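Below: the structure, in structure tokens.
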Amino acid sequence: MYKKGTYTILTNEPLTPTVWRMTLEGDTQYFTRPGQFVNIEIEGLFLRRPISVCDYDGRTLTLIYKVVGEGTERMSRMAAGTKLDLLTGLGNGFDPEACGPRPLLVGGGVGVPPLYNLARTLIARGCAVSVVLGFNTAEEIFYEEEFRRLGAEVHVATADGSRGVRGFVTTVLAERGIDCDYFYACGPLPMLRALSEATGDVPGELSFEERMGCGFGGCMGCSCQTRNGSKRICKEGPVLKKEEVIW
Amino acid sequence: MQDRKLDTSVILSGLKLDNPVVPASGTFGYGNEYKDFYDINILGSFSFKGTTREPRFGNPTPRIAECTAGMINAVGLQNPGIDAVIGEELPRLKTFFRKPVIANISGFSIEEYAYCCERIDREEQVGIIEVNVSCPNVRHGGMSFGTSPEAAAEVTRAVKAVTTKPVYIKLSPNVTDIVAIARACEEAGADGICLINTMLGMRIDLKRRRPVIANTMGGFSGSAIFPVAVRMVYQVAKACRIPVMGCGGVETARDVIEMMMAGATAVQVGAANLRNPYASKQIVEELPREMERLGIERLSEIIGCVE
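The listed protein sequences correspond, in order, to chains R and D.
Numbering of the first sequence is given in my numbering, commencing with residue 60 and proceeding in unit increments.
Numbering of the second sequence is given in my numbering, commencing with residue 11 and proceeding in unit increments.
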């Protein structure tokens, strides 16, 4: 189930030069899993903006978004107290029950946020969570400490080597030989693909992105083909099982 | 003050609708996604997703581009095919929708149109068959049948020959003379005309120097096209005797009334549903209030009232 409702911005602040964190107050009862998303109406723009949920509790919601276009640019200028119209509880989300005791979470850039609530959920379940975060450069890094504070083992890779391992998230896996029984990932398509290959026989789930019309399955704008037939990224996704992805 | 009962009902080719509000094909699936937001029995009816003989995945993504006051889509008639629509979607629809539905049928040949319409005609819940000769997002089909009077008439004749229910032809605005095509459909036996489908549009990603849409072009819809739709509804309603279902950029009850004054008997709501899943419901609820403001007692009285 999903819900359309009004949410009030509590905070809205930059974490890096291009990535912002917004917290909102409102009804969060329609979120059922980590990795779901909201679709935000922005005055003056025709389409809503789908943003993955970083974290939520009984009355607040945390979104982390990268300023990439007109919609997110406008979001970054919104002040605390502004009211927003959101569709919430969208998408299938990650399945926290699917993993064993040693899950691996892999995030690239602005794909990192939905892993945060997942990490919190898995750690609460008693899992030993390893997290690998990939960024282009040191100044783009966010949430490294936040994951550590949850109790996760955190590794960072930067493409230019300005922090952590030089290279990609897959470089970390190759160099550190992280032992895991299941993985969850969100990030750019090349990262997801490389990770899917690098993890060999280890099963996992990957969260995908697509341009959306509605965000709730009404328009078929974001369909993709999978080994289990066509799926809507907004409805049967954004999370797909590794074995059903057609690369 | 005595609360007078305002009458929002309209009659579309013998089919009585509680109100003229009909979510447009391609924005409402087979009803399933919207029933989670509200009881869709509040609607006049709705037109289900364009259905073809074979299942279709449609076009590659990106299929969606944003525009000022609108959007472009190039979904490409993704649908599960007529067998699955009859075998799965309609039985499921029956569990939550009690009213006659409008069946939108698309095709790539005259034979395919006739085949699908003949089959859907036998389905009890189908009240009207809407023949889509105006999809801009597929090659060798769709819009190519709707851009010449002869081809549109040929599809109409073929469908009418194998059906018993009212047949509405959904026309494309991407033509020089919409009236000639609508008249050709009427002469070929169409029971009504639905217009307009989307306008062919295009956006370019400036950084990548490439079209935003994978299929290069797509169908432009949303409030930006409303004046074009009103104009075409007006022209066709004046030129034809059969009823017109108006469509294109409708977002409010006032838009519904405007389109009816232009000549529409029922009014479809498309892209507005995607931005606001409650759009059609809100229009239905707002209609009586707007009628009251404008002194309209019976909505059907205003159809085509503009000279």
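Beta carbons: idealized from backbone N, C-alpha and C, even for Gly.
If you're wondering where the values come from, they're calculated on a predicted model, not measured in any experiment.
Classification of residue i by the beta-carbon crowding that lies within 10 angstroms, buried from 16 upward
{"i": "Gln12 (chain D)", "result": "Summary for Gln12 (chain D): the model assigns pLDDT 44, below 50, so the residue's position carries little reliability; its value from the coordinates is reported in the next sentence. With fewer than 16 other Cβ atoms within 10 Å, it is exposed."}
{"i": "Trp306 (chain R)", "result": "exposed"}
{"i": "Asp114 (chain R)", "result": "buried"}
{"i": "Ile10 (chain D)", "result": "The structure shown has nothing for residue 10 (chain D), since chain D only spans 11 to 317."}
{"i": "Asn195 (chain R)", "result": "exposed"}
{"i": "Gly305 (chain D)", "result": "exposed"}
{"i": "Gln284 (chain R)", "result": "exposed"}
{"i": "Tyr151 (chain R)", "result": "Before going further, note that residue 151 (chain R) is Asn rather than Tyr in the sequence given. The residue in question, Asn151 (chain R), is buried, as its Cβ has 16 or more Cβ neighbours within 10 Å."}
{"i": "Lys15 (chain D)", "result": "exposed"}
{"i": "Thr229 (chain R)", "result": "buried"}
{"i": "Asn176 (chain R)", "result": "buried"}
{"i": "Val127 (chain R)", "result": "exposed"}
{"i": "Asn283 (chain D)", "result": "buried"}
{"i": "Cys145 (chain D)", "result": "buried"}
{"i": "Pro172 (chain R)", "result": "buried"}
{"i": "Thr78 (chain D)", "result": "exposed"}
{"i": "Ala234 (chain D)", "result": "buried"}
{"i": "Leu248 (chain R)", "result": "exposed"}
Under the three-state DSSP convention, the category residue i falls into
{"i": "Ala276 (chain D)", "result": "strand"}
{"i": "Pro73 (chain R)", "result": "strand"}
{"i": "Ile306 (chain D)", "result": "coil"}
{"i": "Lys285 (chain D)", "result": "Before going further, note that residue 285 (chain D) is Arg rather than Lys in the sequence given. In the structure shown, Arg285 (chain D) sits in a helix (DSSP, three-state: H, G or I)."}
{"i": "Pro109 (chain R)", "result": "strand"}
{"i": "Tyr89 (chain R)", "result": "coil"}
{"i": "Tyr61 (chain R)", "result": "coil"}
{"i": "Leu44 (chain D)", "result": "It is Tyr, not Leu, that sits at residue 44 (chain D) in the sequence shown. The answer is coil: DSSP assigns Tyr44 (chain D) none of H, G, I, E or B."}
{"i": "Met11 (chain D)", "result": "Note on Met11 (chain D): pLDDT 42, under 50, position unreliable in the model; the coordinate value appears next. Coil."}
{"i": "Gly314 (chain D)", "result": "coil"}
{"i": "Arg179 (chain R)", "result": "helix"}
{"i": "Ser290 (chain D)", "result": "helix"}
{"i": "Cys278 (chain R)", "result": "coil"}
{"i": "Arg270 (chain R)", "result": "coil"}
{"i": "Cys283 (chain R)", "result": "strand"}
{"i": "Val222 (chain D)", "result": "coil"}
{"i": "Val171 (chain R)", "result": "coil"}
{"i": "Ser331 (chain D)", "result": "This structure leaves residue 331 (chain D) out entirely; chain D is present only between 11 and 317."}
{"i": "Pro262 (chain R)", "result": "coil"}
{"i": "Lys248 (chain D)", "result": "helix"}
{"i": "Ser135 (chain R)", "result": "helix"}
{"i": "Cys297 (chain D)", "result": "In the sequence as presented, Cys is not what sits at residue 297 (chain D); that position holds Leu. In this structure, Leu297 (chain D) counts as helix in the three-state DSSP scheme."}
Any non-hydrogen atom of the ligand SAH closer than 7 Å to residue i Cβ
{"i": "Met271 (chain D)", "result": "Only the bare structure without any ligand can be found here, which leaves the ligand SAH out of the picture."}
Which runs of the alpha helix (DSSP H) fall wholly inside the segment 182-257 of chain R and span at least 4 residues, in chain order?
203-209, 228-235 and 248-257
Counting Cβ pairs closer than 8 Å, one from the segment 214-221 of chain D and one from the segment 35-52 of chain D, do we hit at least three?
no
Near-chain D residues of the segment 260-272 of chain R (beta-carbon distance less than 8 Å), N- to C-terminal order
Glu269, Arg270, Met271 and Gly272
Taking Cβ-Cβ distances below 7 Å as the criterion, which residues of the segment 124-145 of chain R are in contact with chain D?
If the cut-off is 7 Å between Cβ atoms, the segment 124-145 of chain R has nothing near chain D.
Contained beta strand (DSSP E) runs [length at least 3] in the segment 54-116 of chain D, N- to C-terminal order
74-77, 80-83 and 111-115
Taking beta-carbon pairs under 8 Å, can you tell me which members of the segment 87-120 of chain R lie near chain D?
Glu100, Leu104, Phe105, Leu106 and Arg107
Cβ-based contacts, 8 Å cut-off: residues of the segment 272-297 of chain R near chain D:
Gly272, Cys273, Phe275, Gly276, Gly277, Cys278, Met279, Gly280, Cys281, Ser282, Cys283, Gln284, Ser289 and Lys294
Check whether the segment 202-221 of chain R and the segment 127-137 of chain R touch, using three or more Cβ-Cβ pairs below 8 Å as the test.
Inter-segment contact for the segment 202-221 of chain R and the segment 127-137 of chain R is absent: fewer than three beta-carbon pairs are separated by less than 8 Å.
Identify each residue in the segment 54-88 of chain D for which the Cβ-Cβ distance to at least one residue of chain B is less than 8 Å, and report them in chain order.
Protein chains in the displayed structure are R and D, and chain B is not among them.
Counting Cβ pairs, one atom from each stretch, are 3 or more of them under 8 Å apart for the segment 190-206 of chain D and the segment 65-78 of chain R?
Contact between the segment 190-206 of chain D and the segment 65-78 of chain R is absent, because fewer than three Cβ pairs lie under 8 Å.
Does the segment 289-301 of chain R come close enough to the segment 18-25 of chain D to have 3 or more Cβ pairs within less than 8 Å?
The segment 289-301 of chain R is not in contact with the segment 18-25 of chain D.
For the 8 Å Cβ check, are there 3 or more pairs between the segment 163-177 of chain D and the segment 228-236 of chain D?
no
When you compare the segment 27-35 of chain D with the segment 90-105 of chain D, are there three or more beta-carbon pairs, one atom per stretch, that lie closer than 8 Å?
no
Quick check: the segment 259-271 of chain D against the segment 83-100 of chain D, are there 3 or more CB pairs under 8 Å?
no
Please name the residues in the segment 277-301 of chain D whose beta-carbon is closer than 9 Å to at least one beta-carbon of chain R, in chain order.
Cβ contacts with chain R come from Ala281, Asn283, Leu284, Arg285, Asn286, Pro287 and Tyr288.
When the Cβ atoms of the segment 156-165 of chain D are set against those of the segment 184-197 of chain D, are three or more pairs found closer than 8 Å?
These segments touch.
Quick check on the DSSP output: what are the complete beta strand (DSSP E) runs of length 3 or more inside the segment 124-173 of chain D, in order along the chain?
136-142
So, do the segment 262-276 of chain R and the segment 67-75 of chain D have three or more beta carbon pairs nearer to each other than 8 Å?
yes
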